[in-house]
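First residue of the sequence shown? That's 771 in the working numbering, and the numbers climb one at a time after it.
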Amino acid sequence: MPIQIIAEAGVNHNGDFGLALKMADAAKAAGADVVKYQTFQPEELASRYAGKASYQKETTDAEENQLNMLKKLTLRPEEYRKLKIHCDEIGIGFASTPFERTSVAILEKLDMPFWKIPSGEVTNLPYLLDIARTKKPVILSTGMCEMEEIQAAMDALRSNGTPKITLLHCNTEYPTPYEDVNLRAMASMRERFGVDVGYSDHTPGIEVPIAAAALGAVVVEKHFTLDRNMEGPDHKASLEPGELAAMVTAVRHIEKALGSGEKRVSPSEAKNRDIARKSLVARQAIARGEVFTEENLTAKRPGGGVSPMRWFEALGTQAKRDFGEDEKIEL
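Written as structure tokens, this is what we have:
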């Protein structure tokens, strides 16, 4: 199956529906499979006592609380429906992550093919149960998680109707320091839980998601923005459209390069074997009946003649005919 590339628009539309539409167009132009937003009712997501993460304080009004920040970043329920229609029209998958239970109900009406659960909701049992009861596949981000927390969430989902779970390795810092990425955790989760794994990236640049593709990610998710200089919590850790397109291209190249795992001669290289390999040739003129020795034989390009792997078979035998210098010998 092809790697599923999710362009994470998130809240980088800044609450502007027109901008959200443009982000869908940009994701499509970049070659992503899915453009994904975030759906939440601010008063149900955060209390007035919830503070901001340090990266949010750096990119928004440091004095306001999280609730007031979220109020500026949400769209109306009907706007998500219009986004879904637009994505269907331009030919890109639509998804949105619900961040609380009311938004699960809102998005369920849009008939999305899967749910994307964010890292912060892994320990929210009532929310997980609502998701599970829809009986749709789940992509579960695992930032900030211990293995036991992942297991508990998977158990709750599976036992209440979720048919398939894909785990995304993730680090919930924006941007993520390279030394904290720990891409090898993908393999650990695949081995422990026996499910497909992918990667949701918050590092600067495109190198790490490309590496994740090489390590077997079946899903690659990356935040993007139309302009990294816009005000808002996630723009600074997001790719601009040209960078997103470069990432998509690179992931597709890696996807092709991974191949089947069977070591064999590829069609493209088969024609070069005789050019690059060698044959046993006469180092000097050799007369008919003369014995082949280490002094009068050598290995030179091109191939297609007697393989140098038959070196000891050739030594000590008699020449069947005269050979000129550099001529391929015959046995």
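C-beta atoms are modelled at their ideal positions from N, C-alpha and C, and glycine is treated no differently.
Which same chain residues, not among the five before or five after residue i, have their C-beta less than 6 Å away from its C-beta?
{"i": "glycine 863", "result": "Asp803 and Val804"}
{"i": "lysine 905", "result": "Gly931"}
{"i": "isoleucine 959", "result": "One point to set straight first is that residue 959 is methionine, not isoleucine, in the sequence displayed. The answer, listed in chain order, is Leu937 and Val967."}
{"i": "aspartate 950", "result": "Asn941"}
Identify the residues that DSSP records as bridge partners of residue i: which are they?
{"i": "leucine 910", "result": "Ile887 and Leu937"}
{"i": "leucine 1067", "result": "Ala1052"}
{"i": "leucine 1009", "result": "Phe994"}
{"i": "lysine 806", "result": "Glu778 and Ala865"}
{"i": "phenylalanine 963", "result": "Beta-bridge pairing links phenylalanine 963 to no other residue."}
{"i": "asparagine 921", "result": "Note on residue identity: the sequence assigns glutamine, not asparagine, to residue 921. For glutamine 921, which the question treats as bridged, DSSP gives no partner whatsoever."}
Using DSSP with H/G/I as helix, E/B as strand and the rest coil, what is residue i?
{"i": "tyrosine 944", "result": "coil"}
{"i": "proline 979", "result": "helix"}
{"i": "glutamine 811", "result": "coil"}
{"i": "isoleucine 1099", "result": "coil"}
{"i": "valine 892", "result": "coil"}
{"i": "isoleucine 776", "result": "strand"}
{"i": "valine 1018", "result": "helix"}
{"i": "glycine 788", "result": "helix"}
{"i": "aspartate 971", "result": "strand"}
{"i": "histidine 993", "result": "strand"}
{"i": "alanine 865", "result": "strand"}
{"i": "phenylalanine 1082", "result": "helix"}
{"i": "valine 1061", "result": "strand"}
From residue i to residue j, what distance separates their C-alpha atoms?
{"i": "methionine 914", "j": "leucine 837", "result": "22 Å"}
{"i": "histidine 856", "j": "leucine 791", "result": "7 Å"}
{"i": "lysine 1070", "j": "glutamate 1064", "result": "14 Å"}
{"i": "proline 1037", "j": "alanine 984", "result": "22 Å"}
{"i": "threonine 1087", "j": "asparagine 952", "result": "60 Å"}
{"i": "alanine 981", "j": "valine 1021", "result": "9 Å"}
{"i": "asparagine 1042", "j": "serine 1049", "result": "14 Å"}
{"i": "arginine 818", "j": "aspartate 795", "result": "35 Å"}
{"i": "proline 888", "j": "tyrosine 807", "result": "11 Å"}
{"i": "phenylalanine 884", "j": "glutamine 826", "result": "28 Å"}
{"i": "valine 1061", "j": "alanine 1040", "result": "34 Å"}
{"i": "alanine 1055", "j": "arginine 1047", "result": "22 Å"}
Give every residue of the same chain whose Cβ lies closer than 8 Å to the Cβ of residue i, excluding the five residues on either side of it in the sequence, and list them in chain order.
{"i": "glutamine 774", "result": "Asp803, Val804, Gly968, Val988, Val989 and Val990"}
{"i": "asparagine 999", "result": "His1005"}
{"i": "arginine 928", "result": "Ala902 and Ile935"}
{"i": "valine 839", "result": "Looking at the sequence provided, one finds methionine at residue 839 rather than valine. Result list for methionine 839: Lys822, Gln826, Thr830, Asp831 and Pro1003, in chain order."}
{"i": "glutamate 1083", "result": "Leu1101"}
{"i": "aspartate 1044", "result": "Pro1072, Gly1073 and Gly1074"}
What's the call for residue i, buried or exposed, on a 16-neighbour Cβ count within 10 Å?
{"i": "isoleucine 776", "result": "buried"}
{"i": "proline 979", "result": "buried"}
{"i": "lysine 822", "result": "buried"}
{"i": "glycine 1002", "result": "buried"}
{"i": "proline 868", "result": "buried"}
{"i": "alanine 957", "result": "exposed"}
{"i": "tyrosine 948", "result": "exposed"}
{"i": "glycine 1012", "result": "exposed"}
{"i": "methionine 793", "result": "buried"}
{"i": "aspartate 1096", "result": "exposed"}
{"i": "histidine 939", "result": "buried"}
Please go through the same chain and pick out, in chain order, the residues whose beta-carbon is closer than 7 Å to the beta-carbon of residue i, but skip the five residues on each side of it.
{"i": "serine 873", "result": "Thr809, Phe810 and Gln811"}
{"i": "glutamate 814", "result": "Glu870 and Thr872"}
{"i": "glutamate 878", "result": "Thr904"}
{"i": "valine 965", "result": "Ile935, Thr936 and Leu937"}
{"i": "serine 1008", "result": "Asn782, His993, Phe994, Thr995 and Arg998"}
{"i": "valine 1018", "result": "Ile775, Ala800, Gly801 and Ala802"}
{"i": "threonine 973", "result": "Pro945, Thr946, Tyr948 and Val951"}
{"i": "histidine 772", "result": "A small fix is needed here, since residue 772 is proline in this sequence, not histidine. Result list for proline 772: Glu1025, in chain order."}
For residue i and chain B, any beta-carbon pair shorter than 9 Å?
{"i": "methionine 882", "result": "Given the protein chain composition of this structure (a single chain), no chain B is represented."}
Is residue i near the ligand NAP - that is, is its Cβ less than 8 Å away from at least one heavy atom of it?
{"i": "proline 1011", "result": "Questions concerning the ligand NAP fall outside what the structure shown contains, since it holds no ligand whatsoever."}
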